[in-house]
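Undergrad:
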Amino acid sequence: MRDALDDDLAELYAVRGADDVRLARLREQLFAEAPVRRSRRWVGAAAAALAVVMITGLVVLLRPESRDAPATLPVKPAESLAEAATLLETAEKPAAKYRHVKYTIWQTIVHDHDDRADRGSVVEFEIDAWVPTAGGELINIFRRATGQRQPLAGYPPLEPEVEFADSEMPKLWSTWCAVTPCTESSLSLPLPVDPARKLEGASARVLSPYTTNEQKAATYRELADSPGVHWDNGTVTDAGGVFSFRIDPTTGQVVEFVQQQANRNSLGGVPQLSVSVSWEWSDQRPS
Amino acid sequence: MFAELFDEHAHPLHRYLARRVGVDVADDLVSETFLAAMRGERSYDPERGSVVGWLYGIATNLLRGHAKREARLLRTAERYGVDLGVAESLEHTVIARVDSRSHLRRIARELARMADADRDLVLLVSLAGLSVQEAAEALDLNPGTARSRLHRLRAKLKEVEHA
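Chains as they are written, first to last, in the working numbering: chain A, -17 to 269; chain B, 7 to 169.
Quick look at the structure:
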């Protein structure tokens, strides 16, 4: 709680000019330097990629024909959350440099206006997360509105030029990290006791690019043991019916996440959030 | 990513630094803070605390290079009973404005005498608005230690405030 001492300190250390123009100039100077560093990394990455291509070519050329057999055994599709957990735990450990997770998101956005009619659209966003597998490296996350929109029944569409506030951008996980290693912070929180909120509590854990397969598998097992959580051919729901996941039965990864409106009758039953997710390993990422 | 971080934190960080050592030095310190963050000179560990604590920790380390300047400004503020902004301008002029705010003089004197780390703790919480937990992360202190130290330092400042 602030008191007279804080007022005195504020008076002694009076606010001095810090105008936006000054900061904008600083920002411009700072982020003009960054590409120089990135371009150096790009050269290194390009050289590494070239080396990988050459070595791969040699390996293919010199490989005996008998080794053309499939490298992995066919996987039995998961028929429960526990089996999906096992798939994740037994998945081949990556040797690639980056985990790339791509999220394609449709989010329902309504802008309230005091002086005119409210407007709304279903807006597409994309998030690309590039998380290095090595420690001490920078994490890149790119967020953008794609410009694609769908009409929302009952509302005139959002103006084409409207920009979205940070608070409107979808937040799919809880943690911000600059460099690896990074741990998804929601993993340290228990799942809600309420059976209707189990998936709400688990969503950041299973969508975060920082959650490891082992951590995700543990969450699946916790959900499997929770009353009210159901598996139906890869689709997972809880007693609340607001949140649902679809898990790829052949990989165990979440490939779709849907959050319905809290009031299912509002906005014509259009979900609040609908997310498609793809997971891959890569040795290169955009600079 | 760092541009987002800048947009979110640069303004309050600059305001805090400017209040302590002046606008021109604050410009440099904000730039150096974000450059150090981008270069991973002090890596961010989410298990050790918040992004705010991490950034202000980098800034506080850089600010230490200007501790003598701040102490000098505090002594000028004490001598003439003025705030640090006026104290800074007084360094360039011979005109001294005598002020009757004697309690500010005493606080300035006490702050000037404080160890740099103690002054940082008091001001990160009071001026920058960080929680004790965040200030402890910035200064690499145990939160319990930071809490008790802050209590002691503020008690001392209140004592001279009302002396």
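Idealized CB from N, CA, C, for every residue including glycine.
If you're wondering where the values come from, they're calculated on a predicted model, not measured in any experiment.
Nearest-angstrom Cα distance between A:E61 and A:G216?
TA: So the two alpha carbons sit approximately 7 Å from each other.
Undergrad: Could you tell me whether the Cβ of A:F227 comes closer than 7 Å to any Cβ of chain B?
TA: So, not an interface residue.
Undergrad: Roughly how many whole angstroms lie between the Cα atoms of A:A78 and A:E141?
TA: For A:A78 and A:E141, the distance between alpha carbons rounds to 43 Å.
Undergrad: Give every residue of the same chain whose Cβ lies closer than 7 Å to the Cβ of A:D100, excluding the five residues on either side of it in the sequence, and list them in chain order.
TA: Taken in chain order, the residues that qualify are V92, H93, D94, Y137.
Undergrad: Tell me which same chain residues have a C-beta within less than 6 Å of the C-beta of A:V83, skipping the five on either side of it?
TA: Counting only Cβ-Cβ distances below 6 Å, and skipping sequence neighbours, we find A111, P191, W261.
Undergrad: Only counting runs of 3 or more residues, tell me where the beta strand (DSSP E) segments fall wholly within the stretch 104 to 163 of chain A, in order along the chain.
TA: If we require 3 residues or more, the beta strand (DSSP E) runs fully inside the stretch 104 to 163 of chain A come out as 122 to 133.
Undergrad: In chain B, which residues lie with their C-beta within 9 Å of the C-beta of A:Q11?
TA: Simply S37.
Undergrad: Identify, in the order they occur along the chain, each residue of the same chain with its Cβ nearer than 8 Å to the Cβ of B:E140, setting aside the five sequence neighbours on each side.
TA: Hits under 8 Å: G55, S56, V58, G59, Y62, L130.
Undergrad: Quick one: does A:Y(-5) have its CB under 7 Å from some CB of chain B?
TA: Judged by the 7 Å Cβ criterion, A:Y(-5) is in contact with chain B.
Undergrad: For A:D97, is the classification buried or exposed, using 16 other Cβ atoms within 10 angstroms of its Cβ as the cut-off for buried?
TA: By the 10 Å Cβ count, A:D97 comes out exposed.
Undergrad: Does the beta-carbon of B:H20 have 16 or more other beta-carbons within 10 angstroms, so that it is buried, or is it exposed?
TA: Under this definition B:H20 is a buried residue.
Undergrad: Can you list, in chain order, the residues of its chain whose CB lies under 6 Å from that of B:T66, leaving out five sequence neighbours each side?
TA: Excluding residues within five positions, the ones whose Cβ falls inside 6 Å are D126, A144.
Undergrad: Would the stretch 79 to 90 of chain B count as touching the stretch 149 to 168 of chain B if we require 3 or more Cβ pairs under 8 Å?
TA: Flag = no, the stretch 79 to 90 of chain B and the stretch 149 to 168 of chain B do not touch.
Undergrad: Using a beta-carbon distance below 7 Å, is A:R(-2) in contact with chain C?
TA: The structure shown contains no chain C; its protein chains are A and B.
Undergrad: List the whole-angstrom C-beta distance separating A:Q89 from A:P152, where the pair is believed to meet the contact cut-off of C-beta under 8 Å.
TA: Yes, they are in contact, since the Cβ atoms of A:Q89 and A:P152 sit about 5 Å apart, within 8 Å.
Undergrad: Mind checking B:D33: buried by the 16 CB within 10 Å criterion, or exposed?
TA: Classification of B:D33: buried, given that the 10 Å Cβ count is 16 or more.
Undergrad: Determine the DSSP secondary structure at B:Y62, reduced to helix, strand or coil.
TA: Looking at B:Y62 - three-state DSSP - the assignment turns out to be helix.
Undergrad: For A:V35, which of helix, strand or coil comes out of DSSP?
TA: Low local confidence applies: a pLDDT of 49 at A:V35 is under 50, so the model's placement there is unreliable, with the coordinate-based value given in what follows. Here A:V35 sits in helix by DSSP.
Undergrad: Determine, for A:V161, whether the minimum Cβ-Cβ distance to residues of chain B falls below 7 Å.
TA: Yes, A:V161 counts as interfacial toward chain B.
Undergrad: Taking Cβ positions, are A:Y85 and A:V259 nearer each other than 7 Å?
TA: Their beta carbons are under 7 Å apart, which means A:Y85 touches A:V259 by this criterion.
Undergrad: Could you have a look at B:V138 and say whether DSSP puts it in helix, strand or coil?
TA: Three-state DSSP puts B:V138 in a helix.
Undergrad: Taking beta-carbon pairs under 7 Å, can you tell me which members of the stretch 91 to 118 of chain A lie near chain B?
TA: The residues in question are G118.
Undergrad: Along chain A, which residues have their Cβ under 8 Å away from the Cβ of B:R25?
TA: Under the 8 Å cutoff, chain A gives Y(-5), A(-4), V(-3), R(-2).
Undergrad: Given a limit of 7 Å on CB to CB distance, which residues of the stretch 147 to 165 of chain B reach chain A?
TA: Listed in sequence order: R160, L163, K164.
Undergrad: I'd like the list of long-range same chain contacts for A:V188, defined as Cβ closer than 7 Å, with 5 residues on each side in sequence excluded.
TA: The answer, listed in chain order, is K198, T201, F227, V236.
Undergrad: Have a look at B:R26 and A:I109 and give me their C-alpha separation to the nearest angstrom.
TA: Roughly 39 Å between the two C-alpha positions.
Undergrad: Quick check on B:A32: does DSSP put it in helix, strand or coil?
TA: If DSSP states are grouped into helix, strand and coil, B:A32 belongs with the helices.
Undergrad: For B:S108 and chain A, any beta-carbon pair shorter than 7 Å?
TA: No, its Cβ sits nowhere closer than 7 Å to a Cβ of chain A.
Undergrad: Give every residue of the same chain whose Cβ lies closer than 8 Å to the Cβ of A:E166, excluding the five residues on either side of it in the sequence, and list them in chain order.
TA: The answer, listed in chain order, is W155, S156, T157, A186, R187, S190, Y192, T193, Q197.
Undergrad: Quick one: list the residues of chain B neighbouring A:D(-12), beta-carbon separation under 8 Å, in chain order.
TA: In chain order: S132.
Undergrad: Cα separation between A:Q11 and A:Q130?
TA: Taking the straight line joining both Cα atoms gives about 32 Å.
Undergrad: Could you give the first and the last residue of the continuous beta strand (DSSP E) run that contains A:V218?
TA: Start and end: 217 to 219.
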